[in-house]
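Quick note, the sequences are listed as chains A and B, same order. If you're matching positions, the first sequence starts at 0 in numbering that gives the first Met the number 0 and goes up one per residue. If you're matching positions, the second sequence starts at 0 in numbering that gives the first Met the number 0 and goes up one per residue. We put the CB at the ideal spot given by N, CA and C, even for glycine.
Number of protein chains: 2
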Amino acid sequence: MRIELLTTGTELMLGTTQNTHGAWIGQRLFALGLRVDRQITVPDGPPVVESIRLGIEDGDVLIVTGGLGPTSDDLTREALSEVLGVEMIEDEGALRTMEEFFASRGRRMAEVNRKQAMALVGADILPNPNGTAPGLYVPPRMSGEHHCAVFLLPGPPREMYPMFDAEVVPRLEALAGIEKPPEMLELKFVGIGESDFHQEVDAQLKAIAGLEHGYCARLGEVDLRLIGSAEAVTEAQTIIEDTFAQQLVSSDGAILEEVVVRLLKEQGKSVATAESCTGGLIAARLTDVSGASEVFRYGFVTYANEAKRDLLGVNWEDLLEHGAVSEPVARQMAEGALRVGEAEVAVAVTGIAGPTGGTESKPVGTVFLGVAVKGEETKVLKQFHPWGREAFKRQVSQAALNLVRRALGA
Amino acid sequence: MRIELLTTGTELMLGTTQNTHGAWIGQRLFALGLRVDRQITVPDGPPVVESIRLGIEDGDVLIVTGGLGPTSDDLTREALSEVLGVEMIEDEGALRTMEEFFASRGRRMAEVNRKQAMALVGADILPNPNGTAPGLYVPPRMSGEHHCAVFLLPGPPREMYPMFDAEVVPRLEALAGIEKPPEMLELKFVGIGESDFHQEVDAQLKAIAGLEHGYCARLGEVDLRLIGSAEAVTEAQTIIEDTFAQQLVSSDGAILEEVVVRLLKEQGKSVATAESCTGGLIAARLTDVSGASEVFRYGFVTYANEAKRDLLGVNWEDLLEHGAVSEPVARQMAEGALRVGEAEVAVAVTGIAGPTGGTESKPVGTVFLGVAVKGEETKVLKQFHPWGREAFKRQVSQAALNLVRRALGA
Chain A
0 MRIELLTTGT ELMLGTTQNT HGAWIGQRLF ALGLRVDRQI TVPDGPPVVE SIRLGIEDGD
60 VLIVTGGLGP TSDDLTREAL SEVLGVEMIE DEGALRTMEE FFASRGRRMA EVNRKQAMAL
120 VGADILPNPN GTAPGLYVPP RMSGEHHCAV FLLPGPPREM YPMFDAEVVP RLEALAGIEK
180 PPEMLELKFV GIGESDFHQE VDAQLKAIAG LEHGYCARLG EVDLRLIGSA EAVTEAQTII
240 EDTFAQQLVS SDGAILEEVV VRLLKEQGKS VATAESCTGG LIAARLTDVS GASEVFRYGF
300 VTYANEAKRD LLGVNWEDLL EHGAVSEPVA RQMAEGALRV GEAEVAVAVT GIAGPTGGTE
360 SKPVGTVFLG VAVKGEETKV LKQFHPWGRE AFKRQVSQAA LNLVRRALGA
Chain B
0 MRIELLTTGT ELMLGTTQNT HGAWIGQRLF ALGLRVDRQI TVPDGPPVVE SIRLGIEDGD
60 VLIVTGGLGP TSDDLTREAL SEVLGVEMIE DEGALRTMEE FFASRGRRMA EVNRKQAMAL
120 VGADILPNPN GTAPGLYVPP RMSGEHHCAV FLLPGPPREM YPMFDAEVVP RLEALAGIEK
180 PPEMLELKFV GIGESDFHQE VDAQLKAIAG LEHGYCARLG EVDLRLIGSA EAVTEAQTII
240 EDTFAQQLVS SDGAILEEVV VRLLKEQGKS VATAESCTGG LIAARLTDVS GASEVFRYGF
300 VTYANEAKRD LLGVNWEDLL EHGAVSEPVA RQMAEGALRV GEAEVAVAVT GIAGPTGGTE
360 SKPVGTVFLG VAVKGEETKV LKQFHPWGRE AFKRQVSQAA LNLVRRALGA
């Protein structure tokens with residue numbers, strides 16, 4: 000089954016927006032044993048017509064993203080209507096849903112939004128619980144001899160992703176005759192790089208018949224995907240878990256902050272955060288997890304020395320003598336957060352995110368991480384992440400959350 | 000001049016690698032007043048032939064990245080040779096350069112690398128100082144009636160980027176006869192949707208000769224790009240700034256948190272944050288901006304009622320009587336942050352991110368935002384953002400930062 004992907008949007012051509020739909024959809028299809036055969040990207044407007052025609056001619060399935068909005072350059076529906084020679088009609092159900100969407104937010108639907116309720120005659124409306132633009136599914140019979148199934152999906156990821164999972168995946172499974180997708184297991188690791196896997200387990204994994212594996216490395220983390228028969232996946236999982244037990248965050252897709260919140264809930268403990276250089280990112284990540292309020296109550300963003308002293312009781316002499324980025328300050332921040340935040344575990348970070356503020360002895364990228372546990376001795380680590388401000392914050396938050404995970408015995 | 004971009008690589012289809020060449024090249028071309036008209040992405044192998052043919056048929060320029068490596072699935076040179084019907088020949092200069100490249104790293108060139116010195120007869124070799132694969136430039140005359148210039152470039156960014164700047168840009172300028180690139184202006188807005196633009200200014204913008212405009216909408220923000228002659232862009236800018244003066248965040252590409260930090264610096268003021276439902280995200284966004292430490296010193300993540308009382312002095316009776324998500328609590332959080340955080344401006348948010356915790360009178364998505372300014376009366380707003388936890392946090396942080404921006408007189 001040849002799958003064509005058409006991503007539309009002038010912003011994708013100008014380089015102001017990264018085109019991430021290809022990778023996301025590629026991963027989703029991979030899990031079904033399918034793949035994108037060709038991706039075409041064009042600006043909004045007339046080129047969409049020509050590209051839809053090409054996709055329908057060459058593909059068995061055409062997935063189009065973008066161009067379903069209310070403005071004049073959103074023309075994907077119209078383009079498909081033109082290519083297929085199928086009339087458009089206002090869908091009453093879609094219109095009502097949109098009106099309700101606006102009403103529930105206390106707004107009246109603007110007249111321009113009305114065109115978003117237009118559907119091709121014979122197409123399925125794909126509900127969009129996260130936005131105004133419904134998607135469309137045009138079954139293969141509607142393109143005659145080309146017999147190509149067409150999906151029109153909204154461009155914004157937060158609308159497209161859920162619609163893809165809810166509406167596209169089941170239809171693709173039916174089109175491809177997939178009864179049982181292959182096993183897929185995603186293992187998440189922290190504190191090691193892709194090259195560690197190559198060095199330690201790659202040859203062993205390659206020797207397992209019927210197994211495909213792929214890495215996805217991001218800042219401070221690596222995902223390993225295993226796909227194949229149940230036996231092959233289990234065999235691979237055993238090898239990997241034996242080799243990287245301490246770095247394994249999850250085997251069920253849970254990300255680091257989710258694992259930390261889960262462990263805290265299981266143990267009936269709470270965590271407090273004391274952040275200087277990460278500026279609230281650790282707290283923000285913890286509170287991304289639903290139910291975090293059970294285990295997270297106090298977070299301190301002590302960017303200034305005075306804040307470290309006033310909120311966490313860090314000794315002023317130590318701040319002056321050792322500097323804010325130092326072992327004693329990280330220690331006292333963690334212990335202060337544990338005490339003031341009435342928590343069982345506390346984590347503290349103080350470092351130099353850059354680009355300015357570095358010195359010879361403490362260059363940009365230097366960070367001290369402290370972890371305090373009730374009734375135990377506080378630990379302080381020094382790390383170095385000289386990869387730019389944003390990467391630094393992300394890496395340090397990753398290291399801090401991992402310290403909490405390890406402090407909880409995982 | 001129609002420019003086609005062909006990015007090749009199986010890893011791009013599987014979603015393990017983000018396809019970033021489109022955005023990078025798009026930005027480079029934009030500076031020349033050019034743009035990519037279509038980007039096609041295919042896996043390594045036979046689809047490359049078909050896509051090169053399509054690009055040469057439809058384009059005046061075809062830029063191909065990837066597939067110049069030494070392995071068996073690197074077939075871009077061969078594909079171009081097949082499509083054009085032009086013989087390949089080993090280029091002695093390229094071979095010598097490659098041998099020297101390996102020698103300078105103390106390695107002997109492997110036999111498989113030899114194919115990387117193959118060039119099409121009549122093509123220019125494009126030197127690659129950062130890797131083994133030279134690029135190729137095939138002038139328009141070599142594709143006969145199609146008259147399409149073709150560039151073959153290596154896939155790895157650290158090889159492709161310098162080659163693009165050194166070898167591709169000057170040839171494109173010559174091909175396009177470039178005199179002066181057009182104006183481009185990006186305006187960033189907050190607190191309005193794409194449909195507001197359509198309703199209010201779209202018709203006026205369309206009436207301006209020689210102007211192109213496009214929207215890019217994200218959660219709680221819209222970017223508007225204007226492209227055209229200096230006069231057309233200025234005319235459009237005036238219309239838009241008149242219509243949406245209060246929602247305009249920047250005309251120089253600065254994002255909301257950058258604008259807030261800049262305003263604070265200019266006014267010599269500092270901001271404190273008191274966050275419940277956003278859990279540190281507002282502080283984290285402020286501290287993403289380099290130099291934030293000059294204007295941000297104290298951040299409070301008061302997730303629990305006790306934290307609101309202990310750190311910010313929120314009245315316990317009000318917490319019990321009105322609940323944490325209420326007007327008086329938002330007000331007291333903002334005033335507490337202003338006082339304890341020794342700031343000139345403070346912003347506070349308390350709401351229900353969901354998915355749980357909603358009630359009939361305060362459904363998931365409800366939030367109160369307070370903004371306190373030294374010497375002024377504290378303002379409290381109620382908003383409703385029922386779009387899921389992550390979107391809620393983002394939207395509320397956006398609204399909060401915008402309140403600070405407005406409180407600073409912008």
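Item, Value
"Starting from Gln38/A, find everything on chain B with Cβ-Cβ shorter than 9 Å and list it in chain order.", "Thr6, Leu11, Met12, Asn18, Gln38, Ile39, Thr40, Val41"
"Short of 6 Å in beta carbon distance, which residues of its chain neighbour Thr16/A, apart from the five on each side in sequence? Order them along the chain.", "Glu10"
"Beta carbon of Leu83/A, beta carbon of Leu61/A: below 8 Å?", "no"
"Leu421/B and Ile226/B: beta carbons closer than 8 Å?", "Residue 421/B lies beyond the stretch modelled for chain B, which goes from 0 to 409, so this question has no answer here."
"Using beta-carbon positions only, say whether Gln331/A and Thr40/B come within less than 8 Å of one another.", "no"
"Based on the DSSP secondary-structure assignment, which residues constitute the bridge partners of His212/A?", "Leu225/A"
"Helix, strand or coil for Thr272/A? Go by DSSP, reduced to three states.", "strand"
"Under 9 Å Cβ-Cβ, which residues of chain A neighbour Phe383/B?", "Ser103, Arg104, Gly105"
"What's the C-alpha gap between Gln246/B and Gln203/B?", "19 Å"
"Using the beta-carbon of each residue, which ones in chain A are nearer than 9 Å to Trp23/B?", "Gly14"
"So Val82/B is in the beta strand (DSSP E); what residue range does that whole segment cover?", "Run containing Val82/B: none in the beta strand (DSSP E); it sits in the alpha helix (DSSP H), 75-83."
"Kindly indicate which three-state DSSP category Arg157/A falls into: helix, strand or coil?", "helix"
"Which same chain residues, not among the five before or five after Asn112/B, have their C-beta less than 8 Å away from its C-beta?", "Pro69, Met97, Phe101, Thr131"
"Could you name the residues of chain A that Cys147/B contacts, counting a contact when the two beta carbons are closer than 9 Å?", "Correct list: empty, because the minimum Cβ distance to chain A is about 17 Å."
"Using a Cβ-Cβ cutoff of less than 6 Å, which residues in the same chain neighbour Leu210/A once the five nearest sequence positions on both sides are dropped?", "Gly227, Ala231, Ala235"
"By a C-beta neighbour count over all protein chains shown, 10 Å radius and 16 as the cutoff for buried, is Gly65/B buried or exposed?", "buried"
"Which residues of chain B have a Cβ atom closer than 8 Å to the Cβ of Ser71/A, listed in chain order?", "His197, Asp201, Lys205"
"Between the segment 78-92 of chain A and the segment 101-110 of chain A, do at least 3 Cβ pairs fall closer than 8 Å?", "no"
"Is it a yes or a no for the segment 385-404 of chain A touching the segment 357-376 of chain A, going by three-plus beta-carbon pairs under 8 Å?", "yes"
"What are the boundary residues of the beta strand (DSSP E) that includes Glu89/A?", "87-89"
"Among Gly290/A, Glu316/A, Phe29/A, Gly340/A, which one has its Cα closest to the Cα of Arg296/A?", "Gly340/A"
"Can you find at least 3 beta carbon pairs, one from the segment 267-286 of chain A and one from the segment 297-304 of chain A, that sit closer than 8 Å?", "yes"
"In chain B, what lies closer than 8 Å to Phe29/A by C-beta?", "Leu13, Gly14"
"Mind listing the chain A neighbours of Arg224/B? Cutoff is C-beta to C-beta under 9 Å, in chain order.", "Thr9, Glu10, Leu13, Thr15"
"Find the nearest neighbour of Leu262/A within the set Glu240/A, Ile281/A, Val294/A, Asp241/A, judged by alpha-carbon distance.", "Val294/A"
"DSSP three-state label for Thr286/B, please.", "coil"
"Should Leu125/A be labelled buried (16 or more other beta-carbon atoms within 10 Å of its own) or exposed?", "buried"
"Can you tell me where the alpha helix (DSSP H) with Phe299/A in it begins and where it stops?", "Not the alpha helix (DSSP H): Phe299/A falls in the beta strand (DSSP E), residues 295-301."
"Please confirm if Phe243/B has its CB atom under 8 Å from at least one CB of chain A.", "no"
"For the segment 288-308 of chain B, list every residue whose C-beta sits within 8 Å of some C-beta in chain A, in sequence order.", "Ser289, Gly290, Ala291, Ser292, Phe295, Arg296, Tyr297, Gly298, Phe299, Val300, Thr301, Tyr302, Ala303, Glu305, Ala306"
"Please give me, in chain order, every unbroken run of the beta strand (DSSP E) with length at least 3 that falls completely inside the segment 93-127 of chain A.", "117-119, 123-125"
"Just verifying my parser: in three-state terms, what is the DSSP assignment at Asp72/B?", "coil"
"On a CA-only basis, which of Thr75/A, Glu86/A, Lys114/A is nearest Leu94/A? Give me that one, please.", "Lys114/A"
"Taking contact to mean at least 3 C-beta pairs separated by less than 8 Å, is the segment 262-277 of chain B in contact with the segment 237-254 of chain B?", "no"
"Is the separation between the beta-carbon of Leu411/A and that of Val48/A shorter than 8 Å?", "The displayed coordinates of chain A run from 0 to 409. Any statement about residue 411/A would go beyond what the structure contains."
"Going along the segment 72-101 of chain B in order, which residues come within less than 9 Å of chain A, judged by CB to CB distance?", "none"
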